[in-house]
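Following: one structure in structure tokens, then a few remarks.
There are 2 protein chains.
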Amino acid sequence: MNLNLLNNVDMKNVKLKGGFLGRLQELIIDETIPHQYGILNDMVEGVPKSNAIANFRIAAGEQKDKFYGMIFQDSDVAKWLEAASYSLIVKPDPELERILDELVELIGKAQEPDGYLNTYFSVSQPDKKWTNLRDWHELYCAGHMMEAAVAYYKATGKTGLIDIMSKFTDHMLTVLGPEPDKKRGYPGHPEIELALVKMYKATGDEKYLKLSKFFIDERGTEPNFFETEAEARNEKGLNIMQELGYKYWQAHLPVREQTTAEGHSVRAMYLYAGAADIARETQERELFEVLRKLWDNVTGKRMYITAAVGSQRYGESFSLDYDLPNDTIYGETCASIGLVFFAQRMLQMDPDRKYSDVIEKAIYNGILSGISLDGKKFFYVNPLEVAPEVCEHRVDHRHVKTRRPGWYDCACCPANVSRLYTSIGDYMYSVSREGEIYVHIFANNSANISLNDVNVELDVKTCYPWDGNISIDVNPEHAGEFTIAVRVPSWCLEPCISINGQPVNISENIHKGYVKMKRTWKPGDKIDICYPMEARLVRANPRIRENAGKAAIQRGPVVYCVEEADNFQGLQNIVIPRNVKFDEKYDKDILNGVVVVEFKAYCQEDWDSEECYSFDQNRYREVKVRAIPYYAWCNRTPGEMMVWLREEACIEI
Amino acid sequence: MNLNLLNNVDMKNVKLKGGFLGRLQELIIDETIPHQYGILNDMVEGVPKSNAIANFRIAAGEQKDKFYGMIFQDSDVAKWLEAASYSLIVKPDPELERILDELVELIGKAQEPDGYLNTYFSVSQPDKKWTNLRDWHELYCAGHMMEAAVAYYKATGKTGLIDIMSKFTDHMLTVLGPEPDKKRGYPGHPEIELALVKMYKATGDEKYLKLSKFFIDERGTEPNFFETEAEARNEKGLNIMQELGYKYWQAHLPVREQTTAEGHSVRAMYLYAGAADIARETQERELFEVLRKLWDNVTGKRMYITAAVGSQRYGESFSLDYDLPNDTIYGETCASIGLVFFAQRMLQMDPDRKYSDVIEKAIYNGILSGISLDGKKFFYVNPLEVAPEVCEHRVDHRHVKTRRPGWYDCACCPANVSRLYTSIGDYMYSVSREGEIYVHIFANNSANISLNDVNVELDVKTCYPWDGNISIDVNPEHAGEFTIAVRVPSWCLEPCISINGQPVNISENIHKGYVKMKRTWKPGDKIDICYPMEARLVRANPRIRENAGKAAIQRGPVVYCVEEADNFQGLQNIVIPRNVKFDEKYDKDILNGVVVVEFKAYCQEDWDSEECYSFDQNRYREVKVRAIPYYAWCNRTPGEMMVWLREEACIEI
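Quick note, the sequences are listed as chains A and Z, same order. Under this note's numbering, the first residue of the first sequence carries the number 784, and numbering increases by one thereafter. Under this note's numbering, the first residue of the second sequence carries the number 784, and numbering increases by one thereafter.
Here it is in structure tokens:
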């Protein structure tokens, strides 16, 4: 069966028009991206030094200095460049374009004559190139630079960075490959696999696809490349991540033999995304099936309700099925972004809302919590339960911050957030080979979609994610028969859709979560969608220990939390009553405008005594509890936060 | 106010006669101590190598070999010797005494001519002696050897080891002290402070007391000795335990300025015990008050219901008030033993059941869980909640074992358990300066207690801890007026006491938890105590997050748990019903004879689906749950275990 089912509609053809995602995109373009540029140029006070752009000047010989930063500091520049390119597509800006042009030129000057590009090694350790693919991120940085190259090209039509990366790829091909005189290696941190496929699709040059497939095929095979590489460095055995072994790098088995999500969660997500690209471009069903099982394992057994993944700090990694602690979670922002990349690719091969539901969950919850409302501060770790003094005093909680920092020594998350939301248009629509239009993500926007016979303009108006009413004005150039398939989110219990006032029979027309409306569409047609949103309780599988007897509040796609700032200390003592009634109201003055959910609940009373244990019954009082969207937490006074709350057991035997 | 209030009755005068503690003592004497001797001599298969006794032979020049083991391996021998000495007191054994005599002789041969005693440094690094008091445990080992010396003397009348340690002390006094040419140092791991006081009390020689006080007084003062010592070793800043700093060693402040229990929990307990000894021997009320506040902090805000202390793995340490997670607890067996040492000393200065209640809690729960029912396997870490696959896959749970190992590379806990239970007689009675007899701990035993004017024999019969009926036959040599003060455990809600059938008015006669019965006692008098034991629910202070909405079962002094072996997987889904009825029955065939507690409860049903989240209500079924004493957990098939169970909220507003 063919895996070429859908092609996503390019963001160039999708224009957000205000609304939640539109304003978020504007914030990132107007505030975050310039702010990040300042940080990369070390012009912002009060944040860790970056030196990321200076490193390129040093490598280019324009500045005399030592390299500074993480060994993968180059990737910060690449990701910023990618995000900035996307922002040019959304909002042309000659000044910004000029900055990008100069940056690309600088990158070209930092490139060595043989095509090698990596400022750390060029400047600090030129004799160590390619000696530690496991740890030293050369291919990782190259991958991000390739993604930037393709984005820059899409935004400006200029191939400067693509040319640079083409030359670097040629150089790589002299070092890496199946031939006896080359290294049969692959990157410790997957990333280049998906990036090479972007290069392939942009240029048509198969060398990129071959190299990507090579990386996917070699990974985890025997003899283990990381082991042989380590022996060559005179290392005895694995000297890092011993508790996880090669699972950390998803190199414990060949990719096609992997069945569970293991190891470092960002590496895993990028790997699965790249492997999905290869499955599609080479039409390999076996690999697709492997990835589908991995998808089911990640999202069915190892994913948080906020679409966070990565349940333990050690190795920033997965642990085991149903192990989802709320307070010691890792939940790296980058990992949820990687999950979206993975979802996107699976979706195009297998049109099923299970993928786009997760994209929606991530963009409104676990990724969005990674950026502050003002766009300038970021979370690496996204907990679902926080008590500040515990984070301060318990070393096993120290990875959980209670304020978003302005930057990090390892700054992978901020630019990842930027590039995702600036390119969010890429995730909203697809077109199938049969010329069906798929609508995955809802936002205020207009889209220009080319089918074989006709161009279709869609104008979508909605107050998503606060309101589930969506109107779609359908304007084909001329009347024509085609299908519009609209996702019905799995959280929606009573969806209604009508076309020009005529109800659509959803149950008869729904396929894998998409209502497929095939008709002769005419200019002026209107689809009215009503996905009622109301705050409801979600429960967790009883196998998830930490959530036994608890419930979370979700409204539409938005997961809610309670913060000390609105309530009190001791959130663990709140008990959601049996017949809780939620009061839901949009308040434009709170947290940049959110629907606030309030309800009467019980709260276990403090004890008079300070003692730890007592035979007495607990007492409760009534309280009013205010819940706000999880993504908006930690934008006010630091304090406790909790997503999963105790629920009064409703036991009817 | 005088701090010389009570003196404990020596174990020589207390003979356990079967019963729970008696049989436990027999097990340790007959099984555990010989087994441990075998391990120390590397004669037991399947456990890590010890080499502890061989190290002494090597140091004595009798064997040519390298030192093997931890830098403090000598302490394993010392603690074993101490336990074996106590066992001689309980059960004379000429063969065992001969072994001890030979061991003492060997230790003497391993002692260097100048008095120095430590096989690691004598054999491996003689030029490094006294260069790292913070880390290298020379004083710690000396302390344990001193405790062994005093025990050996008490058991045999032989002063051989006391003489060896006297010589070592003289040597120490040439190295350590306030004089300018000496080190104003103190041990990284407190232990010698309390041991020196034992030497002082056994010999009357004030040099021991002075040195102990010196250690207590110097600790944590400025300039920080560990810092200056580290600088002398060319170390830049603190190179271990940086997350805790000097709190790890309770050297962040002078002892008299410390207000909360911080750092490594065993170090803390031994330090507080040693400081309590100094407070008493020097009649320093200020120091006593400091320790009372520390006691209140430890037991009031940082102690588990099982009397475990130490809430985090990092540093095996305390974290903060009310932070008591059940699954990532450290709860080192040695720390609960140290807590008993601390309690014992405070009790003698301040007759208050708050101390003896904790001793009772520890000996029936958090210490006892550290030894298997067959006496040959030991726990270091004592969790209150376990799921084996989580311990296997989560690195932040790896310190929790799901089977007791036979031994450890760091083997401090096993011999600690042995020496505590063999000397349990020391903790059962005290006599005040006014000649009152205090009865702290109840067990089948007879005790010979000397008051000023009369000797009193007490014969106690009880089926404690399964039954709270205790009969005490009081037999003074002749009639005489004195007081017998009997502890009323704080868990007992309706105590009854009668003398010769006449009820005692408890409320009129109780003082700090002890019912003081002053009368003219005659031979043949009989005290009948009834402390009704029934399984009851205990709740935790609402500030203890992990226990919100949960309850534990306690019966008398025994805390209960549920194990998978008796129930099922998924213990987190059990809900104790509102009006739970407990069925309690002693079963001699289970777990060496325990009262089993059974009850009908609810259990959240498994989901049909494997998904993580759902809007559906949870469903419950009725189940029968069996709880067993916590100390007896993990003696059958490994599986889940839980102390704190969900409780149906009983909300009446």
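Backbone N, C-alpha and C define an ideal beta-carbon position, used for all residues, glycine too.
Within chain B, the residues that V1358 (chain Z) reaches when beta carbons sit closer than 8 Å:
Looking at the structure shown, chain B is missing, and the protein chains on hand are A and Z.
Under 9 Å (Cβ pairs) to chain A, residues found in the segment 1402–1414 of chain Z:
Residues R1402, Y1403, R1404, E1405.
Determine, using beta carbons only, whether M1211 (chain Z) and V797 (chain Z) come nearer to each other than 9 Å.
Against a cut-off of 9 Å, the Cβ pair of V797 (chain Z) and M1211 (chain Z) comes out as a contact.
Consider the Cβ of H1047 (chain A): report whether some Cβ of chain Z lies at a distance smaller than 9 Å.
Interface criterion not met: the Cβ of H1047 (chain A) is under 9 Å from no Cβ in chain Z.
Span separating the alpha-carbon of R1361 (chain Z) from that of A866 (chain Z):
Between R1361 (chain Z) and A866 (chain Z), the C-alpha separation is close to 47 Å.
Min CB distance F1398 (chain Z) to chain A below 9 Å:
It does: the Cβ of F1398 (chain Z) has a partner Cβ on chain A nearer than 9 Å.
Between S1139 (chain Z) and chain A, is the shortest Cβ-Cβ distance under 9 Å, so that the two count as touching?
With 9 Å as the cut-off, S1139 (chain Z) does not count as an interface residue toward chain A.
Below 7 Å on C-beta distance, what does M1086 (chain Z) contact in chain A?
Residues of chain A passing the Cβ test: C1395.
Taking Y1097 (chain A) as the query, report the chain Z residues whose CB atoms sit under 7 Å from its CB, ordered along the chain.
Simply V1178, D1179.
Three-state secondary structure (DSSP) at C1386 (chain A)?
DSSP places C1386 (chain A) in strand when its eight states are reduced to three.
Could you give the uninterrupted runs of the alpha helix (DSSP H) lying entirely in the segment 1051–1116 of chain A, keeping only those of 4 residues or more?
You should have 1068–1084.
In chain order, what residues of the same chain have a beta carbon less than 6 Å from the beta carbon of E1045 (chain Z), not counting five sequence neighbours either side?
These residues qualify, in order along the chain: K1030, F1101.
Can you name the residues that DSSP bridges to T1266 (chain A)?
Answer is A:K1301.
Run through the DSSP bridge pairs and tell me what F1009 (chain A) is partnered with.
Paired residue(s): none; F1009 (chain A) is not in a bridge.
Would you list the residues sitting across from E1405 (chain Z) in a DSSP beta bridge?
Assignment of beta-bridge partners to E1405 (chain Z) by DSSP yields Z:Y1385.
What residue range does the beta strand (DSSP E) around Y1221 (chain Z) cover?
If you look at Y1221 (chain Z), you'll find it in the beta strand (DSSP E) that goes 1220–1222.
Does the beta carbon of N1324 (chain Z) sit closer than 9 Å to a beta carbon anywhere in chain A?
By this cut-off, N1324 (chain Z) is an interface position.
Tell me whether the segment 1170–1187 of chain Z and the segment 1409–1428 of chain Z touch, counting them as touching only if at least three CB pairs, one residue from each stretch, are closer than 8 Å.
A contact is defined here as three or more CB-CB pairs under 8 Å, and the segment 1170–1187 of chain Z meets this definition with respect to the segment 1409–1428 of chain Z.
Are the CB atoms of L1107 (chain Z) and S1094 (chain Z) within a distance shorter than 9 Å?
Contact flag set, yes.
Contact set for K912 (chain A): own chain, Cβ-Cβ below 6 Å, skip 5 residues either direction
Short of 6 Å from the beta carbon of K912 (chain A), and not among the five residues preceding or following it, lie these beta carbons of its own chain, in chain order: F904.
Distance cutoff 9 Å, beta carbons only. Does G1296 (chain A) sit that close to anything in chain Z?
Chain Z places no beta carbon closer than 9 Å to that of G1296 (chain A), leaving this residue out of the contacts.
Does the segment 895–910 of chain A come within contact of the segment 843–857 of chain A, defined as at least 3 CB pairs closer than 8 Å?
Touching, per the Cβ criterion.
How many Å lie between R1016 (chain Z) and P973 (chain Z) at the Cα?
Near 22 Å, if we compare the C-alpha coordinates of P973 (chain Z) and R1016 (chain Z).
For G829 (chain Z) and G1189 (chain Z), which I take to be in contact (beta-carbon distance under 8 Å), what is that distance rounded to the nearest angstrom?
Your pair G829 (chain Z) and G1189 (chain Z) checks out as a contact, with CB atoms roughly 6 Å apart and the cut at 8 Å.
I want to verify the contact list: residues of chain A whose CB lies under 9 Å from the CB of L1103 (chain Z), in sequence order.
Chain A residues near L1103 (chain Z): E1172, V1173, E1175, H1176, R1177.
Per-residue DSSP class, three states only, for V797 (chain A):
The answer is strand: DSSP assigns V797 (chain A) an E or B state.
Taking only three categories from DSSP, how would you classify M1316 (chain Z)?
M1316 (chain Z) falls in the coil class under three-state DSSP.
Measuring alpha carbon to alpha carbon, tell me which of Z:V1406, Z:N790, Z:Y869, Z:F1265 ends up nearest I1205 (chain Z).
The displayed chain sequence assigns Thr, not Ile, to residue 1205 (chain Z). The candidate whose alpha carbon is nearest that of T1205 (chain Z) is Z:Y869.
With a threshold of 16 other CB atoms inside 10 Å of the CB of H1524 (chain Z), please say whether the residue is buried or exposed.
This structure cannot speak to residue 1524 (chain Z), because chain Z is shown only from 784 to 1436.
For chain Z, is any of its Cβ atoms less than 9 Å away from the one on T1042 (chain A)?
By this cut-off, T1042 (chain A) is not an interface position.
Would you call the segment 1234–1247 of chain Z and the segment 1190–1201 of chain Z touching, i.e. three or more CB-CB distances under 8 Å?
No, the segment 1234–1247 of chain Z is not in contact with the segment 1190–1201 of chain Z.
Would you please state the rounded distance, in angstroms, between the beta carbons of Y1105 (chain A) and N1324 (chain A)? I believe it to be under 8 Å.
Here Y1105 (chain A) really is in contact with N1324 (chain A); their C-beta atoms are around 6 Å apart, less than 8 Å.
So, for T942 (chain A): in the same chain, excluding its five sequence neighbours on each side, which residues have a beta-carbon less than 7 Å away from its beta-carbon?
Scanning its chain for C-beta atoms nearer than 7 Å, with the 5 sequence neighbours on each side dropped, one finds around T942 (chain A) the residues Y936, in chain order.
Could you tell me which of Z:N1148, Z:P1171, Z:D1311, Z:V1269 sits nearest to R1338 (chain Z), measuring between CA atoms?
The candidate whose alpha carbon is nearest that of R1338 (chain Z) is Z:N1148.
Pick helix, strand or coil for Q1352 (chain Z), following the three-state DSSP scheme.
For Q1352 (chain Z), the secondary structure class from DSSP, reduced to helix, strand or coil, is coil.
How about A1058 (chain Z) and V1081 (chain Z): are their beta carbons less than 9 Å apart?
For the pair A1058 (chain Z) and V1081 (chain Z), the CB atoms are not nearer than the 9 Å cut-off.
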